[in-house]
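Going down the list, the protein sequences come from chains U and D. When the letters of the first sequence are read in order and numbered with the numbering used here, they come out as residues 531 to 703. When the letters of the second sequence are read in order and numbered with the numbering used here, they come out as residues 5 to 494. Virtual Cβ for every residue (Gly too), placed ideally from N, Cα, C.
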Amino acid sequence: MTEKNLLLAIFEDIDPAAHAVDKLRELGVTDTHVTVISGTPITEAMLGRKPQWSNVTRFALGGAFLGLCVGIFLAYGTPNLYPIIVGGRWIGVPPTIVVMFEMTMLVMLISTFIGVFLDSRFPNYTPTQYVPEISDGRIALLIECGGELEIAIESAMKAIGAESVKRAQAEAL
Amino acid sequence: MAISASALPHAQSEEHAHPASHGTGDHEAELRKEHLMLDPRPRGEMNAMVMDSMTTTSWKFWLVAGILAVIVAVALFGAWGYMISEGLYLSGKNRPGYWSLFLVHTVFWVGISHAGTFVSALLRVFKVEFRRPFTRAAELMTTFALAQAGIQIFAHMGRVWLAYWMFPIPNQRQLWVNFQSPLMWDFLAINTYLLSSTMYLFLPLIPDLAMARDRSTGWRKSVYRILALGFRGTEAEWTHLRIALNIFAFAILPVMFSVHTIVSWDFAVAMRPGWSSTIFGPYFVIGALQSGVAAVAMVVIAIRYTMKHMDYFIRKEHLDAIGKLMLVISMGWAYFFFNDYMIQWYGGDKFTDALLHFHEAGPGGWIWFMMLITNVAIPWLVLWNKAWRRNPAILFSVGLLINVGMWAERYIIVPVSLQINRMPFLWGQDFKPGIEVPIFIGTIAFFVLLYMLASRFIPLVPVWEVQEGQMAHSIRKYGKEPVVTVAELE
Numbered sequence: 531m532t533e534k535n536l537l538l539a540i541f542e543d544i545d546p547a548a549h550a551v552d553k554l555r556e557l558g559v560t561d562t563h564v565t566v567i568s569g570t571p572i573t574e575a576m577l578g579r580k581p582q583w584s585n586v587t588r589f590a591l592g593g594a595f596l597g598l599c600v601g602i603f604l605a606y607g608t609p610n611l612y613p614i615i616v617g618g619r620w621i622g623v624p625p626t627i628v629v630m631f632e633m634t635m636l637v638m639l640i641s642t643f644i645g646v647f648l649d650s651r652f653p654n655y656t657p658t659q660y661v662p663e664i665s666d667g668r669i670a671l672l673i674e675c676g677g678e679l680e681i682a683i684e685s686a687m688k689a690i691g692a693e694s695v696k697r698a699q700a701e702a703l
Numbered sequence: 005m006a007i008s009a010s011a012l013p014h015a016q017s018e019e020h021a022h023p024a025s026h027g028t029g030d031h032e033a034e035l036r037k038e039h040l041m042l043d044p045r046p047r048g049e050m051n052a053m054v055m056d057s058m059t060t061t062s063w064k065f066w067l068v069a070g071i072l073a074v075i076v077a078v079a080l081f082g083a084w085g086y087m088i089s090e091g092l093y094l095s096g097k098n099r100p101g102y103w104s105l106f107l108v109h110t111v112f113w114v115g116i117s118h119a120g121t122f123v124s125a126l127l128r129v130f131k132v133e134f135r136r137p138f139t140r141a142a143e144l145m146t147t148f149a150l151a152q153a154g155i156q157i158f159a160h161m162g163r164v165w166l167a168y169w170m171f172p173i174p175n176q177r178q179l180w181v182n183f184q185s186p187l188m189w190d191f192l193a194i195n196t197y198l199l200s201s202t203m204y205l206f207l208p209l210i211p212d213l214a215m216a217r218d219r220s221t222g223w224r225k226s227v228y229r230i231l232a233l234g235f236r237g238t239e240a241e242w243t244h245l246r247i248a249l250n251i252f253a254f255a256i257l258p259v260m261f262s263v264h265t266i267v268s269w270d271f272a273v274a275m276r277p278g279w280s281s282t283i284f285g286p287y288f289v290i291g292a293l294q295s296g297v298a299a300v301a302m303v304v305i306a307i308r309y310t311m312k313h314m315d316y317f318i319r320k321e322h323l324d325a326i327g328k329l330m331l332v333i334s335m336g337w338a339y340f341f342f343n344d345y346m347i348q349w350y351g352g353d354k355f356t357d358a359l360l361h362f363h364e365a366g367p368g369g370w371i372w373f374m375m376l377i378t379n380v381a382i383p384w385l386v387l388w389n390k391a392w393r394r395n396p397a398i399l400f401s402v403g404l405l406i407n408v409g410m411w412a413e414r415y416i417i418v419p420v421s422l423q424i425n426r427m428p429f430l431w432g433q434d435f436k437p438g439i440e441v442p443i444f445i446g447t448i449a450f451f452v453l454l455y456m457l458a459s460r461f462i463p464l465v466p467v468w469e470v471q472e473g474q475m476a477h478s479i480r481k482y483g484k485e486p487v488v489t490v491a492e493l494e
């Protein structure tokens, strides 16, 4: 089995980082083996990478549907479970729209929030590959590569303009 | 040729910037001095400035915080506790003024809370760039103001320990909450808004908490480490965050509109003169924005002049923009007020007619005129002028006066309007405020205190959003004229 190493290349600006992504492809490192880490949102398109998969929208839609069901149940279902007799009047539609709307929005937004946590695997306090310089504006490429490619990648990254290239160590954040 | 703002030479802060050269150079230097987005600094330096503003605290800060804490303890919790032990007769509640000042203050605080979401979400949806440095300060306002609104509602309830009766949970009384009551809608809407706005506050805060984690030591590092949730800034994390923020920005706006509309329905669905109006919903929403945006102006000015380095992030361009927003909203408020007044006035209902005359000519008539002067006359006379909009003292004063005026508007709607109803034998003209006054003063102190404490623990400026904006801005020359351009980075 080929030995796998993790290299962390730090760049000061986005242009060399984008060149580095291209260079890594030339060296045979696929996009799935490169993780881009930055202190400011950098879209995949800026680095010429495929868009990231996210389930957050699905969580939101699922939450909206669930919330609507909860709203319908609260507005129409529970008054039948615990009836309040008010002269035999039925429950009109307009007032219940308010309840359904609020519950739809509430559960949708809670689901969106939870979706971010699940998709991003938050909270995660285990030691991981990271350097504090990233939140100071640096862009890091975390490269998973075979041991035979390590030297070639290191020299290529430095030639492109990496501030540093080093073996990534998992450290407590 | 376009020059990226982040690629421009490091510019000096607003107070110390000097034009680099004559002509075009002068104009470019002025643009950079004026616009935060065109005056980038290295990210590490901006991080250091924000951290420094959080950790540098003088004795004056703690003195003010201590005084506020005493006011909160005595005027808010002391008075409230005394009222609980003695009874609601200590408040101004009386027949026919059943709702007294607690409801005035509830509406007041819910109104203040609206601008946080409005400024942050609406301006995010429309990609309005001047929002970037103060969105968090505005979002914090939403959460803290809603907490004060909650206190007012609980105080109004009297037997606050029975608040759980509002929850739709089966209980020993075999009673069920009435989902057709506006008070129940209020409960749902305010809770939805509170939870949503708190989540909306927290999500964009995560990258800044990670920044604070990376730059702090000791107990602060432990706290930020927990709150940052292990955020590193991977592409995937940013993608999830970006999608979630877009969903929140679009979804929280209708929630915001629903909250104050529902608050208005507490009044409008009642068959009372002056209240039963189809325009009350949007009238309340615009009123909420009127008081809320004015409060944002006050908060932004307070932050700029009391916290270290904030003069770099919050500039006169921001005061100018908020001032324009206040002027437009003031015009909107005047339109809705006149619309509501006109229809009622022409309606011919004798009780409404008596009420409208009572508003302007009754014992509280001066409050009615003060409302119009502070909400319409003063903003219109002052905020059309660019130099006055950019003057912090003037803008702060206008913001304060607008909030006084909006308090007066709610005062007229609740206790004053309750004096005149469809049963003349129940008319009353001697409303006397009671213990609500110290409790309200206590909530103001609590609001300011929460803000002050938050400024010590939460990065009030979303640094990553500021840097993102600076990356997107550039100066482009059309002929000899340098103009600001903004790229769509998403």
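Backbone CA spacing between residue i and residue j [nearest angstrom]
i: D:Y93; j: D:H160; result: 11 Å
i: D:S25; j: D:H39; result: Residue confidence for D:S25 is low, a pLDDT of 44 falling below 50, so the modelled location carries little weight; the figure read from the coordinates is stated next. Their Cα atoms are separated by approximately 18 Å.
i: U:I567; j: D:L245; result: 14 Å
i: U:T608; j: D:V273; result: 24 Å
i: U:I621; j: D:Q184; result: 8 Å
i: D:G48; j: D:T489; result: 25 Å
i: D:I230; j: U:E542; result: 28 Å
i: D:W242; j: D:I462; result: 20 Å
i: D:L126; j: D:T139; result: 11 Å
i: D:V303; j: D:I318; result: 11 Å
i: U:I540; j: U:A692; result: 6 Å
i: D:V465; j: U:L557; result: 41 Å
i: D:L42; j: D:F134; result: 11 Å
i: D:P383; j: D:S104; result: 29 Å
i: D:V289; j: D:T60; result: 38 Å
i: D:D212; j: D:F206; result: 10 Å
Residue i at chain U interface by Cβ criterion, 8 Å
i: D:S200; result: yes
i: D:M55; result: no
i: D:P46; result: yes
i: D:R308; result: no
i: D:T243; result: yes
i: D:G237; result: yes
i: D:P286; result: no
i: D:S262; result: yes
i: D:D218; result: yes
i: D:I251; result: yes
Residue j beta carbon less than 8 Å from that of residue i
i: D:L199; j: U:I640; result: yes
i: U:V628; j: D:W189; result: yes
i: D:S421; j: D:L359; result: yes
i: U:G569; j: D:M215; result: yes
i: D:G101; j: D:F362; result: no
i: U:T565; j: D:I247; result: no
i: U:Y655; j: D:G234; result: yes
i: D:A79; j: D:I445; result: yes
i: D:P277; j: D:D353; result: yes
i: U:S659; j: U:L672; result: Residue 659 of chain U is actually Gln in this sequence, not Ser. In contact: U:Q659 and U:L672 (Cβ atoms closer than 8 Å).
i: D:I283; j: D:N379; result: no
Contact test: residue i Cβ vs the ligand MG heavy atom, cutoff 7 Å
i: U:D545; result: Annotation note on the ligand MG: not contained in the displayed structure, which lists no ligands.
Cross-strand partners of residue i (DSSP beta bridge)
i: U:N535; result: U:C675
i: U:A670; result: U:I540, U:I567
i: D:V181; result: Per DSSP, none; premise fails for D:V181.
i: U:S694; result: U:I540
i: D:Y482; result: D:E485
i: D:V490; result: D:H477
i: U:A700; result: U:Q659
Minimum Cβ-Cβ distance from residue i to chain D less than 8 Å
i: U:S568; result: yes
i: U:L703; result: yes
i: U:M638; result: yes
i: U:Q582; result: yes
i: U:L604; result: yes
Mind the definition here: the segment 255 to 268 of chain D touches the segment 198 to 212 of chain D only if three or more C-beta pairs lie below 8 Å; say whether that holds. With the rule of 3 Cβ pairs closer than 8 Å, the segment 255 to 268 of chain D counts as touching the segment 198 to 212 of chain D.
Assess contact between the segment 593 to 606 of chain U and the segment 545 to 555 of chain U, defined as three or more Cβ pairs (one per stretch) separated by less than 8 Å. Is contact present? no
Tell me whether the segment 110 to 126 of chain D and the segment 452 to 459 of chain D touch, counting them as touching only if at least three CB pairs, one residue from each stretch, are closer than 8 Å. no
At least 3 beta-carbon pairs within less than 8 Å: the segment 158 to 174 of chain D vs the segment 135 to 144 of chain D: No contact exists between the segment 158 to 174 of chain D and the segment 135 to 144 of chain D.
Tell me, please, whether the segment 378 to 389 of chain D touches the segment 326 to 341 of chain D by the rule of three or more beta-carbon pairs shorter than 8 Å. yes
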